[in-house]
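Count along the sequence shown starting at 1, add 1152, and that's the number in the working numbering.
Note that CB positions come from ideal geometry on N, CA and C, so glycine has one too.
Everything numeric in this text was worked out from a predicted model, so none of it was measured.
The block underneath contains the structure these notes are about, expressed in structure tokens.
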Amino acid sequence: MLPTLYGLDLTAITVGGKPLGLAASSYKVPTIIDSGTVITRLPMPVYTALKNSFVRIMSKKYAQAPGISILDTCFKGNVKEMSEVPEIQMIFGGGADLPLKAHNTLIELDKGVTCLAIAGSSENNPIAIIGNYQQQTFKVAYDVANSKIGFAAGGCQ
């Protein structure tokens, strides 16, 4: 991995408290956290499972809308009015986790169209990138000297 990138060991993802049901090997791709990338990208098998779980829960309350560009999981409604959004939790080796609430997972792209702010990565380049939209409202510490990264709840709202 390049010395300017910060690698993470993504081991699982849950949606609404339930695991995606994937084999551990599904997560074994290069995973980085990048403040210069807006939208999180996940390997296609992981993204597809996350999308299916998210849609299963969201579609009970919100009608689906056509996707916009790479964001193919969209719903009718304003994100600020969506009160029943399942938490997405990213779980990392070493016991760290990143609990993502609605403001970290949904983005209103058009008036009345809100999309999941996570997309699949290319089949030819399976990689996971934790983007800055998911990092918002977390304290993220980049220890450049020791090539380490840390994050905790409580960043700017």
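- Can you find at least 3 beta carbon pairs, one from the region 1188-1207 and one from the region 1171-1178, that sit closer than 8 Å? yes
- Message: Is LYS1300 close to the ligand HEM? I mean its beta-carbon at under 7 Å from any heavy atom of the ligand.
- Response: For the structure depicted, the ligand HEM is absent and the ligand set is empty, with no information on it obtainable.
- Message: Out of TYR1214, ILE1259, LYS1232 and ALA1248, which one is the CA nearest neighbour of THR1374?
- Response: Any answer about residue 1374 is impossible in this case: the structure gives the chain only from 1153 up to 1309.
- Item | Integer Cβ distance of VAL1190 from ASN1256, believed to fall under 8 Å | That pair is no contact at about 12 Å.
- Query: If you draw a straight line from the C-alpha of GLY1245 to the C-alpha of LEU1160, how long is it?
  - Reply: 8 Å
- Apart from the five residues just before and just after ILE1301, which ones in its own chain have a Cβ nearer than 8 Å to its Cβ? TYR1158, LEU1160, ILE1185, VAL1292, ALA1293, TYR1294 and ASP1295
- Three-way DSSP call (helix, strand, coil) for PRO1197 in this model: helix
- Query: Would DSSP call GLY1246 helix, strand or coil?
  - Reply: helix
- If VAL1167 sits next to ALA1217, beta carbons under 8 Å apart, how far is it from one beta carbon to the other, in whole angstroms? In fact, because the Cβ distance is near 19 Å, the residues do not count as touching under 8 Å.
- Give the secondary structure of GLN1216 by DSSP, where H, G and I count as helix, E and B as strand, and everything else as coil. strand
- How should ARG1208 be labelled, buried or exposed, when 16 other C-beta atoms within 10 angstroms of its C-beta is the threshold for buried? exposed
- Task: Determine the contact status of ALA1269 and ILE1259, defining contact as a CB-CB distance below 8 Å.
- Result: yes
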